[in-house]
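In the UniProt record's numbering, the protein residues as written are 1 to 361.
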């Protein structure tokens, strides 16, 4: 069946089919309808359908033996799985008689029971941890941990195998923060079916500044950042080594999803006063992390250098001295001016008289 990976419906009827390998449909994940009725099947494993999401499974008119191997079919019929509850299924007993499946009674044949030592496991990065999974039942189940995708070093060890209990330890060595939030799953399987239990793994570790980008103009200027840490760290900003206070120009927006904090230090119309070094500080109970980026938004209108300029404050003005003349000098000048004016008037009068009387004579 490996060639038909997209197969959705399969019907095999009246073919004399006697057995099917447990992993025959492993490459056909899209199968939704299977009809195996009117064949010569004597047993069938639930593992055949383990990876499928069946809507309907037809199994009538087969020669199933009444045994623990088909107990799973009886459970599915009771639960209404794959529409088995609408079918008349029978099995053949040890005496050769035909018995309705729902009346089959097999002792010591049930689903495994499972338990774990932790439901939630919290460890620090770099620590070791041991989790125990116990599977019990009859038949005795196989027990194992599913750790696909787990980054931490791990080992499995069966430490107990009593009559009806199968226990297995999972040892995690040098736990890494990459496994924070990972779900560890333990499964117990026997011919009747599978049971599972999960352990939620939480890894605490110090903050890390994953990225801190230079300012980029979007709707506003944004210094984008990504920080990881568990417990989630608190965030603080410094501008040129001094605590940065949010204002109408500068504010922080970010969202937190689990252990990741991502967002922007935003600037609304920044000026050259906002130029400088910006330091992001992330802190939680396990440590502190920081990173600095230089933000340059606008050139200074008047550079600090004064080599080509002369400051008006460097020129000392020449002092002006005002000398006050004595009052006597002012009075003398007034008399002199008055005498001069009188003399002028007298000369004019004499000139007129001489001119007048000179003509008469």
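All C-beta atoms in this analysis are idealised placements derived from N, C-alpha and C, irrespective of residue type, glycine included.
Checking 8 Å against the spacing of the C-beta atoms, do residue i and residue j come in under that value?
i	j	result
residue 99	residue 82	no
residue 289	residue 206	yes
residue 152	residue 173	yes
residue 25	residue 42	no
residue 229	residue 282	yes
residue 133	residue 119	no
residue 6	residue 40	no
residue 238	residue 279	yes
residue 36	residue 59	yes
residue 271	residue 244	no
Identify, in the order they occur along the chain, each residue of the same chain with its Cβ nearer than 7 Å to the Cβ of residue i, setting aside the five sequence neighbours on each side.
i	result
residue 231	204, 284, 285
residue 256	232
residue 28	1, 4, 5, 7
residue 178	151
residue 322	Unreliable positioning characterises residue 322 in this predicted model, as indicated by a pLDDT of 40, which lies under 50. A coordinate reading is not provided.
residue 347	none
Among the options, which has the Cα closest to the Cα of residue i?
i	options	result
residue 268	253, 219, 261	219
residue 167	227, 136, 149	136
residue 45	67, 120, 31	67
residue 147	79, 169, 238	169
residue 193	183, 10, 346, 51	51
residue 199	91, 344, 115	115
residue 247	93, 350, 274, 335	274
residue 93	108, 344, 70	70
What does the alpha-carbon distance come out to for the pair residue i and residue j?
i	j	result
residue 34	residue 111	24 Å
residue 123	residue 180	9 Å
residue 73	residue 190	14 Å
residue 131	residue 125	16 Å
residue 308	residue 300	With a pLDDT of 48 at residue 308, under the threshold of 50, the modelled position of this residue cannot be trusted; read the value that follows with caution. So the alpha carbons of these two residues sit roughly 16 Å apart.
residue 55	residue 96	32 Å
residue 3	residue 212	49 Å
residue 105	residue 259	52 Å
residue 296	residue 176	38 Å
residue 80	residue 87	10 Å
residue 261	residue 240	23 Å
residue 208	residue 182	19 Å
residue 287	residue 234	11 Å
residue 197	residue 19	31 Å
residue 251	residue 227	17 Å
residue 345	residue 335	16 Å
residue 242	residue 158	58 Å
residue 109	residue 127	41 Å
residue 236	residue 302	32 Å
residue 349	residue 339	16 Å
residue 225	residue 249	18 Å
residue 351	residue 343	12 Å
residue 145	residue 113	15 Å
Can you list, in chain order, the residues of its chain with a C-beta nearer than 6 Å to that of residue i? Leave out the 5 residues immediately preceding and following it.
i	result
residue 216	222
residue 47	22
residue 117	131, 132
residue 306	Residue placement at residue 306 is flagged as unreliable, the pLDDT there being 47, under the threshold of 50; the coordinate-derived value follows with that caveat. Same-chain partners within the cutoff: there are none.
residue 171	130, 155
residue 11	35
residue 291	209, 212, 280
residue 316	Here the model assigns residue 316 a pLDDT of 45, short of 50, so the residue's position is not dependable and the matter cannot be decided.
residue 277	240, 292, 294
residue 49	none
What whole-angstrom Cβ distance do residue i and residue j have, given they're in contact under 8 Å?
i	j	result
residue 61	residue 38	4 Å
residue 121	residue 202	7 Å
So, for residue i: in the same chain, excluding its five sequence neighbours on each side, which residues have a beta-carbon less than 8 Å away from its beta-carbon?
i	result
residue 78	85, 102
residue 8	30, 31, 32, 33
residue 164	136, 137, 138, 140
residue 214	223, 293, 294, 295
residue 253	263, 264, 266
residue 341	none
residue 13	35, 36, 37, 38, 39
residue 354	none
residue 90	64, 98, 99, 100, 101
residue 53	32
Say the cut is 7 Å; is the CB of residue i nearer than that to a heavy atom of the ligand PLP?
i	result
residue 130	The ligand PLP is not part of this structure, which contains no ligands at all.
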